[in-house]
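Peer 1: Throughout, my numbering is defined as the position within the sequence shown, counted from one, plus 1185. One structure coming up, written as structure tokens, with questions to follow.
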Amino acid sequence: MFTRMLMAVAGIVLLGATGSIAVAEDTSGGRWYVGGGLGAATGLDLCSAFQPGFTTARGSCDKSEFAGKIYGGYKFNKYFGAEGALVYLGTASANGTFLGVPVTSDVYAGGLELAGTGTVPITDQFGIIGKLGALFWGVQSETGTGFSRDDSGTSFATGAGLKYDITKHVGLRFEWERFWQVGNSTIGTSDVDMFTIGGLYRF
């Protein structure tokens, strides 16, 4: 997984370098930006992702659908760009037993998203955004006994949303993103929808 992530990051850097050449000819875009968003993620059943051998006490699984991300990107022009994000998809916690010992087990989910972006301007400040890429996801399960298990993989990522530019440097975003078939045969697979609202800064 780490090697795939490095290759993907290298691809984004290469795209950024190519975009810099294009911006020399088109000064309508071509700015770096950073941002973040908070919201909720639905569809990921973390209550089924506990470590094998852990028996959940009936009704004790407490799942949080709170989600968020921090991201950075580059606009090649006012229509196209590339973006990378660290994504947090929620947690779950439950009481139970592991190898006969009463413990509490926790599960965390998140990943690295890399995507190409597109923008359709509606006005000078308002526009529609879309993205297409991949999520390099990870699900970690821990028990109070010190045992842990990591599951990871790569899923197709899509998204759409609205953006509003308060100034030429500061903007707002409302986004929906879908990560397709997150999980594996051990923890189960599901399509995950994430909804976030947040802001960004261009420089």
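Don't be surprised by glycine CBs; every beta carbon is placed ideally from N, CA and C. Being a predicted model, the structure only gives us computed values, none of them experimental.
Along the chain, where does the beta strand (DSSP E) that runs through Asp1230 open and close?
Peer 2: Careful: Asp1230 lies outside any beta strand (DSSP E) and carries neither H nor E.
Peer 1: Could you check where the beta strand (DSSP E) with Ala1319 kicks off and where it finishes?
Peer 2: Unbroken beta strand (DSSP E) run through Ala1319: Phe1311 to Thr1328.
Peer 1: If you reduce the DSSP assignment to three classes, tell me which class Pro1237 lands in.
Peer 2: Coil at Pro1237, not helix or strand.
Peer 1: Using 8 Å as the cut-off, can you tell me whether the stretch 1271-1280 makes contact with the stretch 1217-1235, which would need three or more C-beta pairs spanning the two stretches below that distance?
Peer 2: Counting Cβ pairs under 8 Å, three or more are found: they touch.
Peer 1: When you compare the stretch 1280-1291 with the stretch 1309-1319, are there three or more beta-carbon pairs, one atom per stretch, that lie closer than 8 Å?
Peer 2: The stretch 1280-1291 is not in contact with the stretch 1309-1319.
Peer 1: Could you check where the beta strand (DSSP E) with Ala1252 kicks off and where it finishes?
Peer 2: Its beta strand (DSSP E) spans residues Phe1251 to Lys1260.
Peer 1: Whole-angstrom Cβ separation of Thr1302 and Gly1258, contact assumed at under 8 Å?
Peer 2: That belief holds up - the Cβ atoms of Thr1302 and Gly1258 are roughly 7 Å apart, short of 8 Å.
Peer 1: When the Cα of Gly1222 is compared with those of Arg1363, Gly1285 and Leu1357, which residue comes out closest?
Peer 2: Cα-wise, what sits closest to Gly1222 is Leu1357.
Peer 1: So, is Lys1353 buried or exposed, given that buried needs 16 or more other C-beta atoms within 10 angstroms?
Peer 2: By the neighbour-count rule (16 or more Cβ atoms within 10 Å), Lys1353 is not buried but exposed.
Peer 1: Do Asp1350 and Phe1388 have their beta-carbon atoms positioned less than 9 Å apart in this structure?
Peer 2: Taking 9 Å as the Cβ cut-off, Phe1388 and Asp1350 do not qualify as a contacting pair.
Peer 1: Could you check the C-alpha separation between Val1208 and Tyr1218 for me, to the nearest Å?
Peer 2: The predicted model places Val1208 with a pLDDT of 38, which falls under 50 and marks its position as unreliable, so this point remains unresolved.
Peer 1: Just tell me which of Tyr1386, Arg1363 and Gly1383 has its CA closest to the CA of Leu1229.
Peer 2: Measuring from the Cα of Leu1229, the nearest candidate turns out to be Arg1363.
Peer 1: Short of 6 Å in beta carbon distance, which residues of its chain neighbour Gly1266, apart from the five on each side in sequence? Order them along the chain.
Peer 2: Taken in chain order, the residues that qualify are Gly1258, Tyr1259, Lys1260 and Thr1302.
Peer 1: I need the DSSP call for Ser1370, collapsed to helix, strand or coil.
Peer 2: Of the three classes helix, strand and coil, the one that applies to Ser1370 here is coil, per DSSP.
Peer 1: Quick one: give me the first and last residue of the beta strand (DSSP E) that Leu1284 is part of.
Peer 2: No beta strand (DSSP E) holds Leu1284; DSSP gives it neither H nor E.
Peer 1: Are Gly1346 and Phe1332 close, meaning C-beta to C-beta below 9 Å?
Peer 2: Cβ atoms of Gly1346 and Phe1332: not closer than 9 Å.
Peer 1: Exposed or buried, what is Leu1385 when buried is set at 16 or more other beta-carbons lying within 10 Å of its beta-carbon?
Peer 2: Buried: at least 16 other Cβ atoms inside 10 Å.
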